[in-house]
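Heads up: the sequence shown runs through residues 1 to 168, numbered per the numbering used here. Working notes for the structure below.
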Amino acid sequence: MSFVIRSETAADQAAIGELTTTAFLTAAHASGTEAAIVRDLRSAGVLVLSLVAIDPADEIVGHAGFSPIETDMPGRWFGLGPLSVAPALQRTGVGSALVRAGLAQLSDQGAAGVGLVGDPAYYGRFGFAARPGLSCEGVPDAYVQALAFEEPPVWKSIVFHPAFFTAK
Ligand SMILES: CC(C)(COP(=O)(O)OP(=O)(O)OC[C@H]1O[C@@H](n2cnc3c(N)ncnc32)[C@H](O)[C@@H]1OP(=O)(O)O)[C@@H](O)C(=O)NCCC(=O)NCCS
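Now the structure itself:
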């Protein structure tokens, strides 16, 4: 299937919410709050990059959100997530294309790197990895992964936006 990736518009917001809910319905480790996280990040003004994948029928079939993370590592760091692909199209390359497009844009904008909490078996292909010293409170270190555009002298802890914890 061919698809186009672009930034979200205001008209996409409801469809992104529905897609996010549907994508995570059967996902392992889902909290059920993923759509609310996207909504709350947006209303807090910190959904700094929100990419959608659009199919030939103009439907939103994938979404990736990026928001700032706090860390003592130098430079600007961003968190990836939630990442959602319509169930019928999972494992057809949509998620990978969204991740790669987001990484390219953030790198072009001078970001230092991107962090996430997720399955290393999936995110390793993009260059994400657990690193000695990289941590996120409450998450086993193996699932805390980062990719640096500018390698930090020392890996340190990262803190995601409060919306990840408060969204309902
Ligand atoms: C996880 C998700 C975003 C991946 O996107 P996708 O478009 O389905 O995946 P892609 O087609 O880009 O990548 C496919 C590859 O990733 C692997 N893969 C897909 N989902 C995976 C997962 N959850 N764990 C491990 N590997 C996975 C596939 O086996 C495939 O590997 P291959 O290239 O070696 O054959 C998507 O499946 C999804 O929306 N899942 C439900 C929500 C979710 O779990 N989001 C991520 C939370 S961290």
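For every residue, glycine included, the Cβ atom is placed at its ideal position computed from N, Cα and C.
query = Exposed or buried, residue 131, counting other C-beta atoms within 10 Å across all chains shown (16 or more means buried)?
reply = On the sequence shown, residue 131 is found 131 positions in, with the first residue counted as 1. Looking at its Cβ environment, which holds 16 or more other Cβ atoms inside 10 Å, residue 131 is buried.
inquiry  = Taking only three categories from DSSP, how would you classify residue 134?
reply    = Position 134 of the sequence shown, counted from the start, is the residue given in the question as residue 134. Coil, per DSSP.
task = Write down every uninterrupted run of the beta strand (DSSP E) in the stretch 67-109 whose length is 3 residues or greater and which is fully enclosed by it, in chain order.
result = 77-85
ask   = Should residue 21 be listed as close to ligand 1, given that the test is whether its C-beta is under 8 Å from any heavy atom?
value = One-based indexing of the sequence shown puts residue 21 at position 21. No - ligand 1 has no heavy atom lying nearer than 8 Å to the Cβ of residue 21.
query = Is there contact here, the stretch 111-123 with the stretch 85-92, by at least three beta-carbon pairs under 8 Å?
reply = Segments in contact, no.
key: Sheet register partners of residue 63 (DSSP bridge)   = One-based indexing of the sequence shown puts residue 63 at position 63. 52 and 84, per the DSSP bridge assignment.
query = Can you tell which of 101, 45, 51 and 100 has the C-alpha that lies nearest to the C-alpha of residue 19?
reply = Position 19 of the sequence shown, counted from the first residue, corresponds to residue 19. When the alpha-carbon of residue 19 is set against those of 101, 45, 51 and 100, the nearest one is in 51.
query = Is residue 19 helix, strand or coil by DSSP?
reply = Counting from 1 along the sequence shown, the entry for residue 19 is found at position 19. Helix at residue 19.
query = Given 8 Å as the limit, is there contact between the stretch 132-146 and the stretch 52-61, that is, 3 or more CB pairs closer than that?
reply = no
task = Mind checking which residues open and close the alpha helix (DSSP H) that includes residue 41?
result = Within the sequence shown, numbered from 1, the residue matching residue 41 stands at position 41. From DSSP, the alpha helix (DSSP H) with residue 41 extends over 34-43.
request  = Measure the alpha-carbon distance for residue 157 versus residue 57 and round it to whole angstroms.
outcome  = Taking the sequence shown and counting its residues from 1, one reaches residue 157 at position 157. Taking the sequence shown and counting its residues from 1, one reaches residue 57 at position 57. Taking the straight line from one Cα to the other gives about 42 Å.
request  = Using 8 Å as the cut-off, classify the Cβ of residue 97 as near or not near the heavy atoms of ligand 1, replying yes or no.
outcome  = For the purposes of this step, residue 97 is identified with residue 97 of the sequence shown, where counting begins at 1. Yes - ligand 1 has a heavy atom lying nearer than 8 Å to the Cβ of residue 97.
inquiry  = Just to confirm, is the Cβ distance from residue 48 to residue 68 under 9 Å?
reply    = As a first step, residue 48 must be located in the sequence shown, where it is residue number 48. As a first step, residue 68 must be located in the sequence shown, where it is residue number 68. Result yes, Cβ atoms of residue 48 and residue 68 sit closer than 9 Å.
Straight-line Cα distance separating residue 80 from residue 135 = Residue numbering aside, residue 135 sits at position 135 when the sequence shown is read from its first letter. Residue numbering aside, residue 80 sits at position 80 when the sequence shown is read from its first letter. In a straight line, the C-alpha of residue 135 is about 15 Å away from that of residue 80.
ask   = With C-beta atoms as the reference, is residue 159 less than 9 Å away from residue 34?
value = As a working mapping, residue 159 is identified with position 159 in the sequence shown. As a working mapping, residue 34 is identified with position 34 in the sequence shown. No. Outside cutoff.
Rounded C-alpha distance that separates residue 54 from residue 100 = To locate residue 54, count along the sequence shown from 1; it is residue 54. To locate residue 100, count along the sequence shown from 1; it is residue 100. If you take the alpha carbons of residue 54 and residue 100, they lie about 16 Å apart.
ask   = Across which residues does DSSP place residue 117 in a beta bridge pair?
value = In the sequence shown, the residue the question calls residue 117 occupies position 117. Partner(s): 144.
ask   = With DSSP run on the structure shown, which of helix, strand or coil describes residue 30?
value = As a position in the sequence shown, residue 30 is number 30, starting the count at 1. Correct three-state label for residue 30: coil.
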